[in-house]
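One structure below.
In the numbering used here, the protein residues as written are -6 to 391.
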């Protein structure tokens, strides 16, 4: 994890990415957020913190994850495609990079209780995992709908000792789980740390999560150099809901504008179908979950319920870092429908023997639309594995 990177695409000292970001928080949370803002950089770049963090990433998470040249996928799309295998991390997704970092931070802040929100369940599992590792009680908020469609992950969290609390309001998905977790934190500000799972929420969470996930792009540069003799690919492709895996994959390439960054949102039944989560196409600026960003909203500012077959992308907003990348045109935002994602699952399974998570499948679904030429190097961040989505695959594909 590299220390401060001076970049127009990184957060400024006030917690903003361009016009997006900040901390729009209730009074009860001011002490917690101020403590984090003042201490997080000092803590996470402390030599002892880094030593423990890096050791756990290596020995517990299983890093570095491979950068795999997907020869048959490359042949199909007539370009050079490498998969960053975050699906091979302990717990099955990139989420654990961040939860390891945040649990170490929480312990140094003297917190004795952990809460989290989850959509696809991967962040919930990753949080429950590190809480078991560090012997801290854990409550995970999850939408009632997501509890049903991600049942295996719910059981994993419970096996790890976490309490899974259903969010029963609104669309009963990720947005509502986040609302419930925020309410819990407001009610328990002294002893509790909220491990936010994506690059969303009040500053410093978007920056902190991006820094913990930046190990992805750091490894990509090293591994690509070993394989091709150059550190930078021509394209980096990643799916985006809130956007943590994309933030990690993009992080070390932000200032090299020769590297094309491609973020893929969930179009659901179609961008303009009324059942979509394509925030950059449908959203407007406002404040969502304590941060100024782009989110889907009605004329009077009420959140429009998102839809995606993938629970991890079923979110009405996007992190402020990504909102700025969209606003400045630094990243190219595409979207894939539910059906396109399901076809991409089949494609990767049959061509490469890898069953991806539904979230990652959205990134695979746009490979024919990014404009890559035959000799271009494309790195696609395969953010998670497909075990958790097997019920959906059985129902929709098999």
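Idealized CB from N, CA, C, for every residue including glycine. Here the structure is a predicted model, which means the values were calculated and not measured.
Going by DSSP, residue 141 is part of the alpha helix (DSSP H) stretching over 137 to 142. Counting along the chain, residue 378 sits inside no alpha helix (DSSP H), nor does DSSP assign it H or E at all. Residue 247 holds the alpha-carbon nearest to the alpha-carbon of residue 314 among 267, 247, 305. Per DSSP, residue 302 has no beta-bridge partner at all. Around the C-beta of residue 141, fewer than 16 other C-beta atoms lie within 10 Å, and the residue is accordingly described as exposed.
When beta bridges are read from the DSSP output, residue 232 appears opposite 257. With a 10 Å radius around the Cβ and a threshold of 16 neighbouring Cβ atoms, residue 24 comes out exposed. About 11 Å separates the CB atoms of residue 178 and residue 107; that is not less than 8 Å, and the two are not in contact. Short of 8 Å from the beta carbon of residue 390, and not among the five residues preceding or following it, lie these beta carbons of its own chain, in chain order: 335, 338, 339. Each residue's CA atom was taken as its position, placing residue 12 and residue 344 some 42 Å apart. Runs of alpha helix (DSSP H) with 4 or more residues, each lying fully within the segment 148 to 192, are found at 167 to 180, listed in chain order.
The three-state secondary structure of residue 277, taken from DSSP, is strand. Taking C-alpha positions only, residue 331 is separated from residue 357 by approximately 12 Å.
Annotation: residue 56 is outside any beta strand (DSSP E) and is labelled neither H nor E by DSSP. Taking each of 388, 96, 375, 386 in turn and checking the Cα distance to residue 61, the smallest one comes out for 375. Note: residue 328 is bridge-paired with 258 in the DSSP secondary-structure output. Beta-bridge pairing by DSSP links residue 374 to 77. In the DSSP assignment, residue 101 falls within the unbroken alpha helix (DSSP H) covering 88 to 101.
Counted as a single uninterrupted DSSP element, the alpha helix (DSSP H) harbouring residue 125 occupies residues 115 to 127.
The beta carbon of residue 89 lies closer than 8 Å to those of 54, 82, 83, 119, 122, 123 in the same chain, with the five residues before and after it left out. Residues 134, 170, 171, 174 of the same chain have their beta carbon placed closer than 6 Å to that of residue 110, with the five preceding and five following residues left out of the count. When beta bridges are read from the DSSP output, residue 106 appears opposite 185. Our two residues, residue 147 and residue 114, have alpha carbons roughly 7 Å apart in a direct line.
Judged by beta-carbon spacing, residue 261 lies within the 7 Å limit of residue 270, meaning their Cβ atoms are closer than that value.
The C-alpha of residue 238 lies about 24 Å from the C-alpha of residue 17.
In this structure the segment 190 to 202 lies against the segment 272 to 286, because at least three pairs of beta carbons, one per stretch, are closer than 8 Å. The shortest CA-to-CA distance from residue 230 to any of 0, 387, 354, 380 is the one to 354.
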